[in-house]
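One structure is given below, encoded as structure tokens.
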Amino acid sequence: MRRPAAHEEAGTDRATAEARPADPGSASPHSASQAIAGPDDAGVADARRSAWMAAAQAGDQAAYVALLRDCVGVIESVARRQRVPPDRIDDVVQDALLTVHRARQTYDAARSFTAWLRTIAERRAIDLLRKTGRHAVREVHAPLAYERRADESAANRRAAFGAEVNNRLGGAVADLPLRQREAVQLLVLQERSLAETAAETGRSKGSLKVSLHRALKSLRARLGQVG
Amino acid sequence: MFPPAVQAQSRHEAFIQSLTADLKPVRRLPPPGRRALLWLAWVAALAFTLAAVADRSAVAARLGAAPDMWLSAIGSGLTMVLAAVAAFQLSLPDRGPLWGLLPLPPALLWIGASGAGCLRTWLVPGTHPADLNDTKDCLAFILALSVPLSVLLLGMLRRGSTLRPGLTAAVAGLASAAAAATLLVFFHPYDASVTDVAVHVAAVALVIISNRALGGRMLQAVNT
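Residue numbers (the working numbering), protein chains in the order written: chain A, 1162 to 1388; chain B, 709 to 932.
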């Protein structure tokens, strides 16, 4: 099951060719700007990467640095093609570089290095997409639940100030306009669900949410000095 | 202003430096076929040891009398070889998951021939099918032999650096179970019966599942 070699990647590779260090020993990533042009670009790049990897397997550090720098562009192009979100591409690059590092003894110099790298990068991109997909499923967007969450420090304060705070809160709620008061009493104080409250009052869920939001805002402004 | 590719490189420069600092030379892995042969050589050594203990003339007579046992032994032997090759291929990070399909055709032959053996006990009177008590020994034999073979194979696979630990370990389990079932031929004085084949299938499945669960984690640890 030999994979087709590097010929297919010419387009993406040419974009990074300009920035590739031409000399394995070059120390700075900014130093190289020798463009490598010509129809056989991808093949040449692949042969050079293979040679770098063979040297790295033998322990040549400079060749290895040059190789990994060179890999960054290839991995990025693979990640983009797999539709990895732009802010996660750097994660794919690091995962793939780490995999290249740990798997470097498995590379066979008779095969295309670029094809080897691209397969690893693809696999790492897919792994990352799966992981973030699962993450997104677990997170819930629930602003009401967030607003309603009992704040334990507030409970302590209420115990400390006792009836005084309760009275102030009760007074503040009582002073709210009717629709806002309705929303606070049913949704927050009686812990009804949005659907129940909507059925009970004959108002739409959207309108209840707006009222609750405004009520909480004005309560916060009024009681702000306490909490 | 540097082109984007240079910016990307410099963003990863610290990471690259940390990976390449004190780089040690690595011994390049031999091709997967040759590594599979090494494991198969261990299985062959085990087979010779068992053959020395077993009643060889009885084995030969039994195999000669029942062609489906031959077929089933060939099926399990081929499954062992191809599953070992597939597992070593899958232990490389750049190989596709389709390698996992390689041992399936001989596995079908193996199951099919064993199933045909069940039919024979109905057609031919006077054969001695294994009862549940006998099959317990088969189960124990397959499981006991699979453990060291699996450990050896997974240990060898760890040197690769698979990106599909679950699949690789499952195929390795199939190779070990098939090897154990092939060696069982030396000590299997029964004709195949439905319970017997069912017990074999259950033993093989158990080996594959435990390989996948434990070996998968073992191979994963290499590469996370």
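Beta carbons: idealized from backbone N, C-alpha and C, even for Gly.
Hey, residue i and residue j are a contact pair by Cβ (cut 8 Å); roughly how many whole angstroms apart?
i	j	result
S780(B)	A755(B)	Not really, about 16 Å apart at Cβ, beyond 8 Å.
R1241(A)	I1250(A)	7 Å
L871(B)	R1284(A)	5 Å
V1345(A)	L1373(A)	7 Å
G868(B)	L800(B)	5 Å
V1389(A)	L1278(A)	Nothing can be reported for residue 1389(A), as the shown portion of chain A is limited to 1162 through 1388.
G808(B)	A794(B)	6 Å
T728(B)	V1226(A)	5 Å
A878(B)	L861(B)	In fact, because the Cβ distance is near 12 Å, the residues do not count as touching under 8 Å.
R1309(A)	V1349(A)	6 Å
S1365(A)	A1359(A)	6 Å
A1390(A)	M1214(A)	Examination of residue 1390(A) is not possible in this model, given that chain A is present from 1162 through 1388 alone.
L1330(A)	S1379(A)	Wrong, their Cβ atoms sit about 13 Å apart, outside the cutoff.
A762(B)	F894(B)	4 Å
Quick one: does residue i have its CB under 8 Å from some CB of chain A?
i	result
F723(B)	yes
R735(B)	yes
R743(B)	no
P801(B)	yes
T728(B)	yes
S854(B)	no
G868(B)	yes
L816(B)	no
H896(B)	no
R925(B)	no
L790(B)	no
K844(B)	no
H908(B)	no
R719(B)	yes
L871(B)	yes
L865(B)	no
L731(B)	yes
Q928(B)	no
Distance check for residue j and residue i, CA to CA, integer angstroms please.
i	j	result
V1254(A)	V1233(A)	6 Å
R925(B)	V751(B)	24 Å
A1276(A)	S858(B)	31 Å
Q725(B)	R1265(A)	16 Å
C846(B)	G863(B)	26 Å
E1343(A)	G1332(A)	14 Å
A1224(A)	L1258(A)	15 Å
G741(B)	L758(B)	25 Å
W747(B)	P811(B)	16 Å
L798(B)	K1370(A)	55 Å
A852(B)	A887(B)	12 Å
R903(B)	L892(B)	Sequence inspection shows Thr at residue 903(B); the Arg mentioned does not correspond to that position. Cα-Cα distance, rounded: 16 Å.
T1293(A)	L914(B)	33 Å
E1361(A)	S1354(A)	11 Å
A824(B)	F796(B)	32 Å
G785(B)	T890(B)	6 Å
A1282(A)	A885(B)	33 Å
L771(B)	S765(B)	10 Å
R1230(A)	P805(B)	29 Å
W818(B)	G923(B)	24 Å
L865(B)	D1256(A)	21 Å
L1289(A)	S918(B)	27 Å
F1274(A)	A906(B)	46 Å
Q928(B)	P856(B)	20 Å
W708(B)	P814(B)	The requested residue 708(B) does not occur in the structure, where chain B is confined to residues 709 to 932.
R1209(A)	P739(B)	22 Å
L1384(A)	S1368(A)	24 Å
A774(B)	R743(B)	34 Å
A749(B)	L790(B)	14 Å
Flag residue i as yes if its beta-carbon sits less than 8 Å from any beta-carbon of chain B, otherwise no.
i	result
G1294(A)	no
V1226(A)	yes
Q1341(A)	no
R1291(A)	no
L1348(A)	no
Q1222(A)	yes
L1229(A)	yes
Three Cβ pairs or more, each shorter than 8 Å: is that satisfied between the stretch 1211-1227 of chain A and the stretch 721-741 of chain B? A contact exists between the stretch 1211-1227 of chain A and the stretch 721-741 of chain B.
Short-range partners of chain B found in the stretch 1234-1268 of chain A, where Cβ spacing is below 9 Å: The stretch 1234-1268 of chain A vs chain B, Cβ under 9 Å: G1234, E1237, I1250, D1251, V1254, Q1255, L1258, L1259, T1260, V1261, H1262, R1263, A1264, R1265, Q1266, T1267 and Y1268.
If the cut-off is 8 Å on Cβ atoms, which residues from the stretch 1205-1220 of chain A count as contacting chain B, listed in chain order? Going along the stretch 1205-1220 of chain A in chain order, one finds A1217, Q1218, A1219 and G1220 with a Cβ nearer than 8 Å to chain B.
Under 9 Å (Cβ pairs) to chain B, residues found in the stretch 1278-1289 of chain A: Answer in chain order: L1278, R1279, T1280, I1281, R1284, R1285 and D1288.
Select from the stretch 1367-1378 of chain A all residues with a C-beta closer than 8 Å to any C-beta belonging to chain B, and list them in chain order. Flagged: no residues at all.
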